[in-house]
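These notes concern the structure reproduced below.
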Amino acid sequence: MANEYKLLTPGPLTTTRTVKEEMLFDHCTWDEDYQQITQKIRHQLLELAHADDGAHTVVLMQGSGTFGVESVLTSVIGKDEKVLLCTNGAYGDRQVKICEHAGIAYTQYAEPYDRIPDAERVAEYLDADPSITHVSMIHSETTSGLLNDIQAVAAVAKAHNCTFMVDAMSSFGGVDIPVADWGIDFLVSSANKCIQGVPGFSFIICDKAKLEASKGKARSLSLDLWDQWNTLEKANGKWRYTSPTHVVLAFSKALDEMFAEGGIPARSARYALNNHLLIARMKALGFRVFLKHHQGPIITTFLYPEGTQFDFHDMYEFIKERGYAIYPGKLTDEETFRLGNIGEIYTDDIEKVTELLALYMGERGLLAAATGLDSVPAAIAAMDAAGEPIKAAAPANVKLTA
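At position 204 of the sequence shown (counting the first as 1) the number is 439 in the numbering used here, and the numbers step up by one without a gap.
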(Lines of atoms letter the chains of each structure in order from A and count residues from 1; the text may use other names and numbers.)
(Lines give C-alpha, C1' and ligand atoms only; values in the text may rest on other atoms or scores of the structure.)
Protein backbone atom coordinates (compact mmCIF):
# COMPACT_ATOMS: atom_id res chain seq x y z
CA MET A 1 0.00 0.00 0.00
CA ALA A 2 3.00 2.31 0.06
CA ASN A 3 2.82 5.33 -2.27
CA GLU A 4 5.17 5.32 -5.22
CA TYR A 5 5.73 9.02 -4.61
CA LYS A 6 4.81 11.73 -2.14
CA LEU A 7 2.69 14.73 -3.09
CA LEU A 8 4.15 18.19 -2.62
CA THR A 9 0.86 19.80 -3.60
CA PRO A 10 -1.90 21.82 -1.88
CA GLY A 11 -4.16 18.74 -1.84
CA PRO A 12 -4.93 15.98 -2.44
CA LEU A 13 -1.87 15.24 -0.38
CA THR A 14 0.15 12.45 1.15
CA THR A 15 -1.76 10.62 3.87
CA THR A 16 -0.69 8.10 6.47
CA ARG A 17 -0.95 4.38 5.94
CA THR A 18 -3.41 4.18 8.85
CA VAL A 19 -5.75 6.72 7.22
CA LYS A 20 -5.69 4.70 3.98
CA GLU A 21 -6.38 1.47 5.84
CA GLU A 22 -9.63 2.87 7.26
CA MET A 23 -11.04 2.70 3.72
CA LEU A 24 -10.80 -1.10 3.72
CA PHE A 25 -14.04 -1.26 5.72
CA ASP A 26 -17.53 -1.04 4.25
CA HIS A 27 -20.34 0.76 6.08
CA CYS A 28 -24.03 1.11 5.43
CA THR A 29 -25.17 4.74 5.40
CA TRP A 30 -28.16 3.83 7.60
CA ASP A 31 -25.99 2.16 10.23
CA GLU A 32 -26.13 3.90 13.60
CA ASP A 33 -22.41 3.35 14.21
CA TYR A 34 -21.62 5.11 10.94
CA GLN A 35 -23.94 8.00 11.75
CA GLN A 36 -22.15 8.44 15.08
CA ILE A 37 -18.87 8.76 13.17
CA THR A 38 -20.45 11.62 11.21
CA GLN A 39 -21.53 13.29 14.45
CA LYS A 40 -18.06 12.82 15.94
CA ILE A 41 -16.51 14.53 12.92
CA ARG A 42 -18.91 17.47 13.22
CA HIS A 43 -18.07 17.89 16.90
CA GLN A 44 -14.30 17.71 16.33
CA LEU A 45 -14.44 20.27 13.51
CA LEU A 46 -16.25 22.72 15.78
CA GLU A 47 -13.50 22.22 18.35
CA LEU A 48 -10.82 23.01 15.77
CA ALA A 49 -12.75 26.14 14.78
CA HIS A 50 -12.94 27.39 18.41
CA ALA A 51 -16.72 27.32 18.14
CA ASP A 52 -19.45 25.61 20.16
CA ASP A 53 -22.67 23.94 19.11
CA GLY A 54 -24.77 26.64 20.71
CA ALA A 55 -24.12 29.25 18.04
CA HIS A 56 -22.39 27.22 15.32
CA THR A 57 -22.79 23.97 13.47
CA VAL A 58 -21.02 21.88 10.83
CA VAL A 59 -22.52 20.67 7.56
CA LEU A 60 -20.79 17.92 5.57
CA MET A 61 -21.37 18.11 1.81
CA GLN A 62 -20.60 15.45 -0.79
CA GLY A 63 -18.09 16.50 -3.45
CA SER A 64 -14.84 18.44 -3.68
CA GLY A 65 -14.14 21.75 -2.02
CA THR A 66 -15.65 23.63 -4.94
CA PHE A 67 -18.94 21.84 -4.28
CA GLY A 68 -18.85 23.24 -0.75
CA VAL A 69 -18.11 26.76 -1.96
CA GLU A 70 -20.89 26.56 -4.54
CA SER A 71 -23.26 25.20 -1.89
CA VAL A 72 -22.66 28.24 0.31
CA LEU A 73 -22.84 30.84 -2.45
CA THR A 74 -25.98 29.38 -4.00
CA SER A 75 -27.71 28.63 -0.69
CA VAL A 76 -27.24 31.71 1.47
CA ILE A 77 -27.42 34.59 -1.04
CA GLY A 78 -31.03 35.32 -1.90
CA LYS A 79 -32.38 36.54 -5.22
CA ASP A 80 -32.69 40.06 -3.85
CA GLU A 81 -29.21 40.03 -2.26
CA LYS A 82 -25.70 40.74 -3.54
CA VAL A 83 -22.19 39.55 -2.73
CA LEU A 84 -18.85 41.33 -2.85
CA LEU A 85 -16.22 38.87 -4.10
CA CYS A 86 -12.70 39.81 -2.97
CA THR A 87 -10.32 38.05 -5.36
CA ASN A 88 -6.59 37.74 -5.98
CA GLY A 89 -6.19 34.38 -7.67
CA ALA A 90 -7.82 31.56 -9.59
CA TYR A 91 -9.99 30.40 -6.70
CA GLY A 92 -11.50 33.82 -6.16
CA ASP A 93 -12.11 33.95 -9.90
CA ARG A 94 -13.86 30.58 -9.62
CA GLN A 95 -16.35 32.16 -7.22
CA VAL A 96 -17.09 34.72 -9.92
CA LYS A 97 -17.88 31.88 -12.34
CA ILE A 98 -20.14 30.21 -9.78
CA CYS A 99 -22.11 33.43 -9.31
CA GLU A 100 -22.39 33.97 -13.05
CA HIS A 101 -23.68 30.44 -13.64
CA ALA A 102 -26.18 30.66 -10.78
CA GLY A 103 -27.39 34.18 -11.57
CA ILE A 104 -26.16 35.59 -8.26
CA ALA A 105 -25.74 39.36 -8.14
CA TYR A 106 -22.13 40.24 -7.37
CA THR A 107 -19.45 42.89 -7.45
CA GLN A 108 -15.83 41.82 -7.88
CA TYR A 109 -13.03 43.59 -6.04
CA ALA A 110 -9.93 42.16 -7.70
CA GLU A 111 -6.32 42.59 -6.64
CA PRO A 112 -3.23 41.33 -8.52
CA TYR A 113 -2.14 37.82 -7.63
CA ASP A 114 0.68 39.08 -5.42
CA ARG A 115 -1.41 41.49 -3.31
CA ILE A 116 -4.06 40.91 -0.66
CA PRO A 117 -7.52 42.50 -0.65
CA ASP A 118 -7.34 45.55 1.60
CA ALA A 119 -9.92 45.89 4.37
CA GLU A 120 -10.18 49.64 3.81
CA ARG A 121 -10.96 49.09 0.13
CA VAL A 122 -13.62 46.55 1.14
CA ALA A 123 -15.15 49.22 3.37
CA GLU A 124 -15.18 51.63 0.44
CA TYR A 125 -17.05 49.12 -1.71
CA LEU A 126 -19.60 48.52 1.03
CA ASP A 127 -20.07 52.23 1.71
CA ALA A 128 -20.57 52.91 -1.99
CA ASP A 129 -23.10 50.10 -2.52
CA PRO A 130 -25.57 49.49 0.33
CA SER A 131 -27.21 46.71 -1.72
CA ILE A 132 -24.24 44.43 -0.92
CA THR A 133 -25.37 41.97 1.76
CA HIS A 134 -22.56 39.38 1.70
CA VAL A 135 -18.75 39.40 1.46
CA SER A 136 -16.71 36.41 0.31
CA MET A 137 -12.97 35.78 -0.02
CA ILE A 138 -10.27 33.13 -0.08
CA HIS A 139 -7.97 32.63 2.91
CA SER A 140 -5.04 30.65 1.46
CA GLU A 141 -4.94 31.44 -2.27
CA THR A 142 -2.92 28.55 -3.63
CA THR A 143 -2.59 30.19 -7.03
CA SER A 144 0.40 32.01 -5.55
CA GLY A 145 0.67 30.72 -1.98
CA LEU A 146 -0.51 33.99 -0.51
CA LEU A 147 -2.38 34.16 2.84
CA ASN A 148 -5.12 36.79 2.93
CA ASP A 149 -6.10 38.83 6.00
CA ILE A 150 -9.57 37.44 6.61
CA GLN A 151 -9.69 38.77 10.18
CA ALA A 152 -9.51 42.40 9.06
CA VAL A 153 -12.07 41.92 6.29
CA ALA A 154 -14.39 40.06 8.67
CA ALA A 155 -14.40 43.06 10.98
CA VAL A 156 -15.36 45.36 8.11
CA ALA A 157 -18.11 43.00 6.96
CA LYS A 158 -19.56 42.87 10.47
CA ALA A 159 -19.44 46.66 10.81
CA HIS A 160 -21.57 46.87 7.65
CA ASN A 161 -23.96 44.12 8.81
CA CYS A 162 -22.86 41.81 5.98
CA THR A 163 -22.66 38.03 6.06
CA PHE A 164 -19.02 36.97 5.76
CA MET A 165 -18.00 33.80 3.90
CA VAL A 166 -14.49 32.32 3.70
CA ASP A 167 -12.97 29.69 1.44
CA ALA A 168 -10.37 28.23 3.83
CA MET A 169 -9.86 25.16 1.69
CA SER A 170 -6.10 24.76 2.01
CA SER A 171 -5.64 26.53 5.35
CA PHE A 172 -8.17 25.20 7.87
CA GLY A 173 -6.37 22.82 10.19
CA GLY A 174 -2.97 24.13 9.14
CA VAL A 175 -3.54 27.74 10.22
CA ASP A 176 -5.48 28.58 13.37
CA ILE A 177 -8.80 30.28 12.52
CA PRO A 178 -10.99 31.26 15.49
CA VAL A 179 -14.25 31.28 13.55
CA ALA A 180 -16.48 32.65 16.31
CA ASP A 181 -14.11 35.35 17.56
CA TRP A 182 -13.40 36.65 14.05
CA GLY A 183 -17.07 36.71 13.08
CA ILE A 184 -16.91 34.28 10.16
CA ASP A 185 -20.44 33.19 9.25
CA PHE A 186 -19.59 30.42 6.78
CA LEU A 187 -16.17 28.75 6.44
CA VAL A 188 -15.61 26.08 3.77
CA SER A 189 -12.83 23.51 3.71
CA SER A 190 -12.25 20.01 2.39
CA ALA A 191 -11.43 16.53 3.65
CA ASN A 192 -8.23 16.25 1.63
CA LYS A 193 -6.32 19.29 2.86
CA CYS A 194 -4.64 20.11 6.18
CA ILE A 195 -6.56 17.53 8.19
CA GLN A 196 -4.89 15.01 5.88
CA GLY A 197 -7.87 12.94 4.79
CA VAL A 198 -8.70 11.86 1.25
CA PRO A 199 -10.92 13.57 -1.37
CA GLY A 200 -14.67 13.04 -1.32
CA PHE A 201 -16.47 15.68 0.71
CA SER A 202 -16.25 19.26 1.88
CA PHE A 203 -17.41 20.72 5.17
CA ILE A 204 -18.92 24.06 6.09
CA ILE A 205 -18.70 25.61 9.56
CA CYS A 206 -21.80 27.78 9.89
CA ASP A 207 -23.30 30.40 12.13
CA LYS A 208 -26.59 28.74 13.07
CA ALA A 209 -28.69 31.88 12.90
CA LYS A 210 -27.35 32.74 9.44
CA LEU A 211 -27.90 29.16 8.29
CA GLU A 212 -31.48 29.16 9.57
CA ALA A 213 -32.08 32.43 7.72
CA SER A 214 -30.98 30.80 4.45
CA LYS A 215 -33.92 28.38 4.37
CA GLY A 216 -35.63 28.48 0.98
CA LYS A 217 -32.87 30.46 -0.78
CA ALA A 218 -31.01 27.53 -2.38
CA ARG A 219 -30.74 27.47 -6.16
CA SER A 220 -29.79 23.78 -6.18
CA LEU A 221 -31.40 20.64 -4.79
CA SER A 222 -28.29 18.58 -4.07
CA LEU A 223 -26.26 21.58 -2.84
CA ASP A 224 -28.98 22.99 -0.56
CA LEU A 225 -26.97 23.80 2.53
CA TRP A 226 -29.92 24.30 4.88
CA ASP A 227 -31.62 21.08 3.82
CA GLN A 228 -28.38 19.11 4.20
CA TRP A 229 -27.97 20.47 7.73
CA ASN A 230 -31.62 19.88 8.61
CA THR A 231 -31.33 16.21 7.66
CA LEU A 232 -28.07 15.75 9.56
CA GLU A 233 -29.72 17.24 12.64
CA LYS A 234 -33.07 15.42 12.49
CA ALA A 235 -31.62 12.05 11.48
CA ASN A 236 -28.71 12.23 13.97
CA GLY A 237 -25.90 12.13 11.43
CA LYS A 238 -27.68 10.70 8.39
CA TRP A 239 -26.73 12.45 5.14
CA ARG A 240 -29.53 13.38 2.70
CA TYR A 241 -28.09 11.42 -0.19
CA THR A 242 -25.46 8.68 -0.42
CA SER A 243 -22.37 9.75 1.50
CA PRO A 244 -18.77 8.76 0.66
CA THR A 245 -18.56 6.24 3.49
CA HIS A 246 -14.95 5.18 2.97
CA VAL A 247 -13.81 8.79 2.79
CA VAL A 248 -15.72 9.61 5.98
CA LEU A 249 -14.01 6.77 7.83
CA ALA A 250 -10.61 7.93 6.62
CA PHE A 251 -11.36 11.51 7.65
CA SER A 252 -12.42 10.44 11.13
CA LYS A 253 -9.10 8.64 11.52
CA ALA A 254 -7.23 11.66 10.15
CA LEU A 255 -8.89 13.88 12.75
CA ASP A 256 -7.84 11.52 15.54
CA GLU A 257 -4.27 11.56 14.24
CA MET A 258 -4.32 15.33 14.08
CA PHE A 259 -5.37 15.65 17.72
CA ALA A 260 -2.75 13.05 18.69
CA GLU A 261 -0.09 15.14 16.93
CA GLY A 262 -1.06 18.12 19.08
CA GLY A 263 -3.90 19.70 17.15
CA ILE A 264 -3.61 22.81 15.05
CA PRO A 265 -0.67 24.30 17.04
CA ALA A 266 1.57 21.29 16.35
CA ARG A 267 0.48 20.80 12.76
CA SER A 268 0.76 24.51 11.99
CA ALA A 269 4.28 24.52 13.44
CA ARG A 270 5.29 21.52 11.32
CA TYR A 271 3.93 23.08 8.15
CA ALA A 272 5.59 26.41 8.90
CA LEU A 273 8.92 24.69 9.56
CA ASN A 274 8.62 22.79 6.28
CA ASN A 275 7.86 26.02 4.45
CA HIS A 276 10.68 28.06 5.97
CA LEU A 277 13.18 25.29 5.32
CA LEU A 278 11.97 24.88 1.75
CA ILE A 279 12.32 28.57 0.95
CA ALA A 280 15.80 28.78 2.49
CA ARG A 281 17.09 25.74 0.61
CA MET A 282 15.50 26.81 -2.68
CA LYS A 283 17.05 30.26 -2.33
CA ALA A 284 20.46 28.61 -2.00
CA LEU A 285 19.73 26.88 -5.34
CA GLY A 286 18.96 30.20 -6.99
CA PHE A 287 15.14 30.04 -6.88
CA ARG A 288 13.40 33.24 -5.80
CA VAL A 289 9.88 33.24 -4.36
CA PHE A 290 7.18 34.94 -6.39
CA LEU A 291 5.63 36.70 -3.39
CA LYS A 292 7.40 39.56 -1.67
CA HIS A 293 4.79 39.76 1.11
CA HIS A 294 2.08 37.64 2.72
CA GLN A 295 3.65 34.27 1.90
CA GLY A 296 1.53 31.55 3.49
CA PRO A 297 2.79 28.28 5.00
CA ILE A 298 0.89 25.97 2.63
CA ILE A 299 2.42 26.25 -0.85
CA THR A 300 5.12 28.44 -2.38
CA THR A 301 5.47 29.73 -5.94
CA PHE A 302 9.07 29.83 -7.20
CA LEU A 303 10.51 31.73 -10.13
CA TYR A 304 13.07 30.03 -12.33
CA PRO A 305 16.62 31.29 -11.66
CA GLU A 306 17.68 34.15 -13.88
CA GLY A 307 19.75 33.13 -16.89
CA THR A 308 18.36 29.60 -16.98
CA GLN A 309 15.69 27.79 -18.95
CA PHE A 310 13.65 24.97 -17.44
CA ASP A 311 11.39 22.42 -19.07
CA PHE A 312 8.84 21.89 -16.31
CA HIS A 313 7.58 18.58 -17.68
CA ASP A 314 11.14 17.24 -17.87
CA MET A 315 11.86 18.42 -14.32
CA TYR A 316 8.55 17.01 -13.06
CA GLU A 317 9.20 13.55 -14.49
CA PHE A 318 12.77 13.50 -13.17
CA ILE A 319 11.62 14.26 -9.63
CA LYS A 320 8.53 12.04 -9.76
CA GLU A 321 10.61 9.03 -10.82
CA ARG A 322 12.64 9.58 -7.66
CA GLY A 323 9.72 9.83 -5.24
CA TYR A 324 8.02 13.25 -5.29
CA ALA A 325 5.29 15.00 -7.29
CA ILE A 326 5.50 18.79 -7.59
CA TYR A 327 3.06 21.35 -8.99
CA PRO A 328 3.09 23.52 -12.12
CA GLY A 329 2.72 27.28 -11.88
CA LYS A 330 -0.71 28.92 -12.17
CA LEU A 331 0.41 32.39 -13.22
CA THR A 332 0.07 33.69 -16.76
CA ASP A 333 2.84 36.32 -16.86
CA GLU A 334 5.67 34.56 -15.00
CA GLU A 335 7.59 31.30 -15.51
CA THR A 336 6.95 29.55 -12.21
CA PHE A 337 6.27 26.27 -10.48
CA ARG A 338 4.93 25.49 -7.02
CA LEU A 339 5.94 23.30 -4.11
CA GLY A 340 3.48 22.43 -1.37
CA ASN A 341 4.57 21.27 2.05
CA ILE A 342 1.39 20.09 3.76
CA GLY A 343 0.22 16.54 4.38
CA GLU A 344 2.36 13.76 5.79
CA ILE A 345 5.49 15.71 4.87
CA TYR A 346 8.47 16.40 7.13
CA THR A 347 11.79 18.21 6.94
CA ASP A 348 13.58 15.15 5.59
CA ASP A 349 11.18 15.24 2.62
CA ILE A 350 12.01 18.90 2.03
CA GLU A 351 15.70 18.06 2.09
CA LYS A 352 15.28 15.13 -0.28
CA VAL A 353 13.25 16.98 -2.90
CA THR A 354 15.61 19.96 -2.95
CA GLU A 355 18.55 17.57 -3.33
CA LEU A 356 16.73 16.06 -6.30
CA LEU A 357 16.36 19.53 -7.79
CA ALA A 358 20.09 20.09 -7.37
CA LEU A 359 20.79 16.75 -9.04
CA TYR A 360 18.44 17.60 -11.90
CA MET A 361 20.09 20.99 -12.40
CA GLY A 362 23.52 19.38 -12.37
CA GLU A 363 22.55 16.79 -14.98
CA ARG A 364 20.93 19.41 -17.22
CA GLY A 365 23.83 21.87 -17.01
CA LEU A 366 21.82 24.50 -15.10
CA LEU A 367 23.58 24.49 -11.74
CA ALA A 368 26.46 26.89 -12.39
CA ALA A 369 24.23 29.53 -13.97
CA ALA A 370 21.73 29.36 -11.12
CA THR A 371 24.08 29.10 -8.14
CA GLY A 372 27.62 29.89 -9.22
CA LEU A 373 28.61 26.48 -7.87
CA ASP A 374 30.30 23.84 -9.96
CA SER A 375 29.03 20.61 -8.39
CA VAL A 376 25.94 19.00 -6.90
CA PRO A 377 27.70 18.25 -3.57
CA ALA A 378 28.62 21.94 -3.28
CA ALA A 379 25.01 22.93 -3.93
CA ILE A 380 23.71 20.47 -1.33
CA ALA A 381 26.24 21.78 1.19
CA ALA A 382 25.02 25.33 0.53
CA MET A 383 21.41 24.25 1.07
CA ASP A 384 22.31 22.43 4.28
CA ALA A 385 24.06 25.52 5.60
CA ALA A 386 21.04 27.68 4.76
CA GLY A 387 18.59 25.29 6.39
CA GLU A 388 20.44 24.26 9.52
CA PRO A 389 19.57 27.39 11.60
CA ILE A 390 15.88 26.90 10.73
CA LYS A 391 15.88 23.28 11.88
CA ALA A 392 17.82 24.19 15.01
CA ALA A 393 15.16 26.76 15.95
CA ALA A 394 12.27 24.30 15.52
CA PRO A 395 10.02 23.76 18.58
CA ALA A 396 10.95 20.65 20.52
CA ASN A 397 7.53 19.03 19.97
CA VAL A 398 7.65 19.28 16.15
CA LYS A 399 8.62 16.05 14.40
CA LEU A 400 11.31 16.40 11.76
CA THR A 401 10.83 12.95 10.25
CA ALA A 402 7.82 10.65 9.77
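Even glycine gets a Cβ: it sits at the ideal position worked out from N, Cα and C. None of these values were measured; they are calculated from a predicted model.
Run the CB neighbour count on residue i, radius 10 Å, all protein chains shown included, and call it buried at 16 or more, exposed below.
i      : result
ASP268 : exposed
SER371 : buried
ARG252 : exposed
CYS441 : buried
GLU335 : exposed
MET236 : Note that MET236 has pLDDT 43, beneath the 50 cutoff, so the model's placement of it is unreliable and the number below is only indicative. By the 10 Å Cβ count, MET236 comes out exposed.
CYS263 : exposed
HIS291 : buried
ASP349 : buried
ASP288 : exposed
LEU259 : exposed
THR250 : buried
THR477 : exposed
GLY531 : buried
PRO245 : buried
On a Cα-Cα basis, can you pick out the residue from the options that is closest to residue i?
i      : options                           : result
ALA284 : SER375, TRP464, ASP384 and GLY408 : GLY408
VAL483 : THR244, TYR240, THR253 and GLU257 : GLU257
VAL304 : ARG350, THR249, PHE421 and VAL391 : PHE421
ALA340 : PRO347, ILE312 and ASP362         : ILE312
GLY575 : LYS527, LEU381 and LEU308         : LEU381
PRO630 : ASP491, ASN509 and ILE561         : ASN509
THR309 : PRO365, ALA453 and LEU592         : ALA453
SER379 : HIS529, THR480 and LYS634         : HIS529
GLU569 : GLU586, THR536, PRO624 and ARG599 : THR536
PHE553 : THR582, GLU590, MET493 and TYR595 : TYR595
CYS321 : TYR344, PHE260 and LYS332         : TYR344
ASP328 : SER306, GLY338, GLU376 and ILE367 : GLU376
SER564 : ILE534, ASP288, ILE625 and LYS555 : It is worth fixing the name first, because residue 564 is Gly in this sequence and not Ser. GLY564 has its Cα closest to that of ILE534, out of ILE534, ASP288, ILE625 and LYS555.
LYS555 : LYS428, LEU591, ILE577 and GLY600 : LEU591
MET400 : LYS626, VAL318, ASP416 and GLN544 : VAL318
ALA363 : HIS374, GLU346, PRO352 and HIS395 : HIS395
GLY542 : PHE486, LEU601, ARG557 and ILE373 : LEU601
ALA403 : LEU608, THR301 and PHE522         : THR301
ARG573 : ASP583, TYR581, ARG557 and MET550 : MET550
GLY432 : LEU608, ARG557, THR477 and SER487 : SER487
PRO434 : LEU635, GLU623, PRO247 and LEU520 : PRO247
VAL633 : ARG502, GLY597 and GLU598         : ARG502
At which residues does the alpha helix (DSSP H) containing residue i begin and terminate?
i      : result
PHE442 : Residue identity differs from the one stated: residue 442 is Asp in this sequence, not Phe. Counting along the chain, ASP442 falls outside any alpha helix (DSSP H), though it belongs to the beta strand (DSSP E) covering 436–442.
PHE494 : 480–496
MET372 : No alpha helix (DSSP H) holds MET372; the beta strand (DSSP E) holding it covers 369–373.
LYS452 : Neither: LYS452 is in no alpha helix (DSSP H) and is coded neither H nor E.
ALA326 : The sequence shown places Tyr at residue 326, rather than the Ala named in the question. That run of the alpha helix (DSSP H) goes 325–337.
ALA389 : 385–394
PRO624 : 611–627
ASP362 : 354–363
TRP417 : 414–417
ASN465 : 460–469
First and last residue of the beta strand (DSSP E) that includes residue i?
i      : result
PHE399 : 398–402
THR292 : 291–297
SER424 : 421–425
SER310 : Counting along the chain, SER310 falls outside any beta strand (DSSP E), though it belongs to the alpha helix (DSSP H) covering 300–311.
VAL318 : 317–322
ALA340 : 340–345
Please tell me whether residue i has its Cβ less than 8 angstroms away from any Cβ of chain C.
i      : result
GLY303 : Absent from the structure is chain C; it holds one protein chain and no more.
Just list the beta strand (DSSP E) runs in the region 571–602, keeping only unbroken ones of 3 residues or longer that don't cross its boundaries, in chain order. Within the region 571–602, the complete beta strand (DSSP E) runs of at least 3 residues are 571–575.
Within the region 519–563, ranges of the alpha helix (DSSP H) (whole runs, at least 4 residues): List check, alpha helix (DSSP H) in window: 547–555.
Between the region 290–310 and the region 452–468, can you find at least three pairs of beta-carbon atoms closer than 8 angstroms? Touching, per the Cβ criterion.
Are there three or more Cβ pairs, one per stretch, closer than 8 angstroms when the region 351–364 is compared with the region 383–392? Segment contact: the region 351–364 against the region 383–392, three or more CB-CB distances shorter than 8 angstroms; contact assigned.
Taking one C-beta from the region 436–455 and one from the region 490–508 each time, how about it: are there three or more such pairs within less than 8 angstroms? The region 436–455, when compared against the region 490–508, does not touch it at the 8 angstroms Cβ threshold.
Can you find at least 3 beta carbon pairs, one from the region 614–632 and one from the region 513–524, that sit closer than 8 angstroms? Inter-segment contact for the region 614–632 and the region 513–524 is present: three or more beta-carbon pairs are separated by less than 8 angstroms.
Would you check if there are 3 or more beta carbon pairs closer than 8 angstroms linking the region 458–475 to the region 424–435? As far as the Cβ criterion goes, the region 458–475 does not touch the region 424–435, which means the pair count is below three.
Quick one: which unbroken alpha helix (DSSP H) runs of 4-plus residues sit fully inside the region 249–289? Chain order, please. Within the region 249–289, the complete alpha helix (DSSP H) runs of at least 4 residues fall at 252–256 and 267–283.
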